[in-house]
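Heads up, the thing below is written out as structure tokens.
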Ligand code: NAP
């Protein structure tokens, strides 16, 4: 068996088309959707990511302001700018890009993003609302995983899903989104005893760790679906996921590629969230 490669490009294009149509309608009514991306780093990977969001936004007819406050910006400068953007009626979506300067807490700063504009679900209040079943934007990457699975027709109800990684941006919100769809979810992390024993029960395995080749054949139940969230830069300027694709491809039914899997869906969802925020 060779695993099928489940690209995210097709569903991402569908979401981008929907967003562009809605953005055009909003612009025609005098409210062009506007996204602000607040940056305080000179990290190259981050700059590449921000450029790709800005390009995708502009293509969809969403105005994108990259607000670069410099790698030495203080928590006060960042917080004040997030307050101002939260108050600005012309701005509909706000993303706080990481990494942030040393000593600046991402969670504390994200509290300054108005929940209604929190298109990447970064404000802890958004996560709380999500868990409580109240309307809020989910972190785009976590939602992208579920969107990709549903697009490929995976029945999550009653399925055993193992998520490896418990970060606030990916693993934890993803576990909630999956539970909301009636999956039985197990979350693994760096202290999990015998990770392969836990993950090899799963119908669906999601790797969101940030370590190349962490997931090998021994982690995967034959016939399982494997979603690779990891984005790890390689020395030659490329990108690899957390899954050893060669080893896993002989066991899994399907595997999402890196790049071209979860990433494009994440970017497309940020656009959709911005358009939804502007529609309110
Ligand atoms: P993170 O905050 O560093 O969290 C990593 C998680 O992996 C932690 O929960 C950690 O466990 C766990 N972990 C570390 N080593 C492990 C091991 N040996 N075995 C099992 N679990 C282990 O990372 P993140 O922000 O969630 O990002 C995860 C990956 O997704 C990164 O590669 C990131 O670049 C990528 N990402 C991709 C997208 C996209 O759109 N495609 C978006 C966001 C992130 P502990 O909690 O015990 O430390």
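Numbering (my numbering), first residue to last: 394 to 673.
Note that the Cβ used here is the ideal one computed from N, Cα and C, for glycine as well.
Short note on residue 661: C-beta not closer than 8 Å to any heavy atom of the ligand NAP. At a threshold of 8 Å, residue 666 does not count as near the ligand NAP, since its beta carbon sits no closer than that to any of the ligand's heavy atoms. Taking 9 Å as the cut-off, the beta carbon of residue 562 is found no closer than this to the beta carbon of residue 589. Within the DSSP bridge table, the entry for residue 537 names no partner. The shortest CA-to-CA distance from residue 409 to any of 657, 671, 670 and 673 is the one to 657. Counting other Cβ atoms within 10 Å of its Cβ, residue 441 stays below 16 and is therefore classed as exposed.
Here residue 510 is buried, its C-beta having at least 16 other C-beta atoms within 10 Å.
Looking at the DSSP output, residue 553 bridges to 577.
In this structure, residue 582 has its beta carbon less than 8 Å from a heavy atom of the ligand NAP. In this structure, DSSP gives residue 397 an extended state, which the three-state scheme calls strand. As DSSP reads the structure, residue 559 sits in no beta bridge. Counting C-beta pairs closer than 8 Å gives three or more between the stretch 636–652 and the stretch 396–407, which meets the contact rule.
Set against 8 Å, the gap from the CB of residue 503 to the closest heavy atom of the ligand NAP is not smaller. Ranked by Cα distance from residue 673, the first of 425, 513, 406 and 404 is 425. Bounds of the beta strand (DSSP E) holding residue 489 are 486–489. Every unbroken stretch of the beta strand (DSSP E) spanning 3 or more residues and falling wholly within the stretch 422–454 is given here in chain order: 427–432. Residue 591 places its beta carbon 9 Å or farther from that of residue 621.
Relative to the ligand NAP, the nearest heavy atom lies less than 8 Å away from the CB of residue 563. With distances taken between CA atoms, residue 596 lies nearest to 616 out of 484, 395, 423 and 616. Collapsing the DSSP output to three states places residue 648 in a strand. Scanning its chain for C-beta atoms nearer than 6 Å, with the 5 sequence neighbours on each side dropped, one finds around residue 634 the residues 621, 623 and 651, in chain order. Nearest Cα to residue 553 within the set 614, 463 and 481: 614. At a cut-off of 8 Å, the beta-carbon of residue 579 does not count as near the ligand NAP: no heavy atom of the ligand is closer than that. Annotated three-state conformation of residue 492 is coil, per DSSP. Contact annotation, residue 663 with residue 488: C-beta distance approximately 7 Å; criterion of less than 8 Å satisfied. Not one heavy atom of the ligand NAP falls within 8 Å of the beta-carbon of residue 671. Per the DSSP secondary-structure output, residue 632 pairs in a beta bridge with 626.
Around the C-beta of residue 520, 16 or more other C-beta atoms lie within 10 Å, and the residue is accordingly described as buried.
Not one heavy atom of the ligand NAP lies closer than 8 Å to the C-beta of residue 405.
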